Amino acid sequence: MGAQTVVELSGLTKQYGDVTAVHDLSFSVRRGEFFSILGPSGCGKSTTLRTIAGFENASEGRIKINETDITGTPAHQRETGMVFQGYALFPHKTVSENVGFGLKMDGVPQSEREDRVEQMLATVDLGGFEQRMPSELSGGQQQRVALARALIIEPSVLLLDEPLAALDLQLRQDMRFELQQIQDRLDITTIYVTHDQEEALSMSDRILVLDAGKAQQIDTPRKLYNNPQNQFVADFIGEANILQTRFKSATKDVIKVEPEFSSMDTVSVMKNGFDENSLSTGERVYLNIRPEDITIHPPDKDPEDGLSAEITNKTFIGKTTQFVATVGNNQEILAEASGLAAQQSIATGDTVSLTWSRDDCTIIGEHRV
73 MGAQTVVELS GLTKQYGDVT AVHDLSFSVR RGEFFSILGP SGCGKSTTLR TIAGFENASE
133 GRIKINETDI TGTPAHQRET GMVFQGYALF PHKTVSENVG FGLKMDGVPQ SEREDRVEQM
193 LATVDLGGFE QRMPSELSGG QQQRVALARA LIIEPSVLLL DEPLAALDLQ LRQDMRFELQ
253 QIQDRLDITT IYVTHDQEEA LSMSDRILVL DAGKAQQIDT PRKLYNNPQN QFVADFIGEA
313 NILQTRFKSA TKDVIKVEPE FSSMDTVSVM KNGFDENSLS TGERVYLNIR PEDITIHPPD
373 KDPEDGLSAE ITNKTFIGKT TQFVATVGNN QEILAEASGL AAQQSIATGD TVSLTWSRDD
433 CTIIGEHRV
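The working numbering puts the sequence shown at residues 73 to 441.
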C-alpha cells in the first residue's frame, strides 16, 4: 500500500440550522487504504460520507481527492463510487442494467458496457446473473450488485455506508471477508462507515472514532484497542474497566497513581505515550483495564499484591466466562477467564484476588474530545 494521499478533509463542518452534525473534522486517507469511520448512531458518520460524495454540501472546510479541491464539485464529477445501506437498486431494471447504469450515463457504447458488466459481475461472484431482477436476489446478492455498480465506473474512492447492516450475522461475517478480498484485489481506496466495532477492527487499516460529530481518535485497530486516548474510545472499542485514580508521580516510563476505588496504596502503569507534564499531584486521571487482562485468583491462591474482591456475578459466554467482581466502595470490575478450570473453581460469592500487569493497562484522559 502506497503512502500517497487520495482523500483529504480539512476542517470539515456540516450544520443543519442550529445543529452541528460534523465539527471541524480533518483526516486523510492513503492510496489503497481501508479506512473506517466508526461511532454510535447519530454521531455524523453517514453525514461525513455523504459530504465527501457530494450528496451534502459542506458548511465549512475543504475536501480534496487526488490533490484536487472538489468541495463544490457536483456528486457525479467526484470520482467516487458509493454503496448505500439499502443498496438503492432500480427494482425495474435487470442486474446488468443496474450495474451498467453509470456507464450508460457516461455514454459508454453498449457492447463495451456489456463486456465490462460481465467482467465486474465475475469479480463480485455473480457471473450468469445478468438478466435477474433485484427481487429475485438474496440480500447478499443485492449487496454485491450495488458494490459492482459502484466499482464499474472505476472510482478513485469507494464509499460504503453501513453496507452490511441489513444482513444476518452469518452473511455479514461472510461478506466482510469478501469485501476485504475485493478491496485488496482491486487495491481501491475505501472509506467504510459502520457502528459495528467488530467490523471496523477486523477489516480496517485505520479507524476514525467519531462521537457527536467530533474526531475522538484516528489509529490502527490494535492501537485503538490497546491504547485509547479517552474514556469514550476505551468504552466504545470493546469492553473496558475505567477506574478513577489520582496522579501521584512519574518516571521516564511509568506513571504511579493512587486508586479511588480501593485501599491500595499505588498502582503503576506504563506511560504508553501518555503525557503527564500537564498533571499536578492529586489530579484525577483514569485507569483503563480490559477484562481479559485481569487475572482472577481463587480464595486458596491469594497473591500478596492482589486486589481483594467479591464475585457478584458469573456468566458463561462460550469460549470464556465473564465475572463481575465488587471491590472497595462497591466499584464493579469486569473480568474474563477462559478454560474449564476458571469456570469450576470460582463461584458467585467467593472472595478472590485480582491482579494485572502494568503493561496491560493505560492511563486515559477525559470522557471525550
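By construction, the Cβ of each residue, glycine as well, lies at the ideal position given by its N, Cα and C atoms.
Quick caveat, the model's predicted, so the values are computed rather than measured.
List the whole-angstrom C-beta distance separating residue i from residue j, where the pair is believed to meet the contact cut-off of C-beta under 8 angstroms.
i      : j      : result
Ser425 : Leu379 : 6 angstroms
Ala218 : Leu161 : 6 angstroms
Pro293 : Ile314 : That pair is no contact at about 20 angstroms.
Thr261 : Val229 : 5 angstroms
Ser417 : Pro370 : 5 angstroms
Phe106 : Asp337 : About 46 angstroms; that fails the 8 angstroms criterion.
Ile135 : Leu209 : So it is not a contact: roughly 34 angstroms between Cβ atoms.
So, helix, strand or coil for residue i, using DSSP?
i      : result
Val180 : coil
Met154 : strand
Gly276 : Reading off the sequence shown, one finds Ser at residue 276, where the question assumed Gly. In the structure shown, Ser276 sits in coil (DSSP, three-state: anything other than H, G, I, E or B).
Lys391 : coil
Val341 : strand
Pro293 : helix
Met73  : Summary for Met73: the model assigns pLDDT 40, below 50, so the residue's position carries little reliability; its value from the coordinates is reported in the next sentence. The answer is coil: DSSP assigns Met73 none of H, G, I, E or B.
Val189 : helix
Ser131 : coil
Asp141 : strand
His267 : coil
Pro235 : coil
Ser352 : coil
Gly378 : coil
Ala287 : strand
Got a sec? Which residues, its chain only, sit under 8 angstroms from residue i by beta carbon, not counting five neighbours each side?
i      : result
Gly212 : Leu239, Leu243, Asp246 and Met247
Leu198 : Val167, Gln213, Arg216, Val217 and Ala220
Gly74  : With a pLDDT of 42 at Gly74, under the threshold of 50, the predicted position of this residue should be treated as unreliable, though the coordinate-derived value follows. Cβ neighbours of Gly74 beyond the five flanking positions: Arg102, Arg103 and Gly104.
Lys391 : Ser410
If I measure Cβ to Cβ from residue i and keep anything under 7 angstroms in the same chain, skipping five residues before and after, which residues do I get?
i      : result
Glu376 : none
Asn344 : Asn299 and Thr434
Thr188 : It is Arg, not Thr, that sits at residue 188 in the sequence shown. Closer than 7 angstroms at the Cβ level, and outside the excluded window around Arg188, lie Leu175 and Ile224.
Lys86  : Ala93, Val94, Thr119, Thr123, Glu128, Ala130 and Ser131
Asp321 : It should be pointed out that residue 321 corresponds to Ser in this sequence rather than to Asp. Around Ser321: Lys328.
Ile137 : Val78, Val79, Arg150, Glu151, Ser228 and Val229
Gln191 : none
Ala407 : Pro363, Ile366, Ile368, Phe395, Ala397 and Leu426
Starting from residue i, follow the beta strand (DSSP E) in both directions and report where the run begins and ends.
i      : result
Val424 : Thr423 to Thr427
Tyr159 : First-last for Tyr159: undefined, no H or E at that position.
Met247 : Careful: Met247 lies outside any beta strand (DSSP E), inside the alpha helix (DSSP H) at Leu241 to Leu258.
Lys328 : Val326 to Pro331
Gln316 : Asn313 to Ala322
Arg356 : Arg356 to Ile361
Leu198 : Note, Leu198: premise wrong, no beta strand (DSSP E); not H, not E.
Ile418 : Ile418 -> no beta strand (DSSP E), and no H or E assigned at all.
Suppose the cutoff is 6 angstroms on Cβ atoms and the five residues either side in sequence are ignored; what does the same chain contact list for residue i look like?
i      : result
Thr387 : Gln394
Gly400 : Phe333 and Ser334
Leu232 : Val155 and Tyr264
Glu169 : none
Thr353 : none
Asp283 : Gly111, Cys115, Phe304 and Arg440
For the alpha helix (DSSP H) that residue i lies in, which residues bound it at each end?
i      : result
Glu51  : In the structure as shown, the chain begins at 73 and stops at 441. Residue 51 is therefore absent and cannot be evaluated.
Glu169 : Val167 to Val171
Val305 : Gln303 to Phe308
Ser118 : Lys117 to Ala125
Arg102 : That residue, Arg102, is in no alpha helix (DSSP H); its beta strand (DSSP E) goes Val91 to Arg102.
Arg221 : Gly211 to Leu223
Original post:
Is there contact between the stretch 140 to 159 and the stretch 301 to 314, where contact requires at least three CB pairs shorter than 8 angstroms?
Top reply: no
Original post:
How do the stretch 84 to 102 and the stretch 116 to 125 stand: do at least 3 beta-carbon pairs fall below 8 angstroms, yes or no?
Top reply: yes
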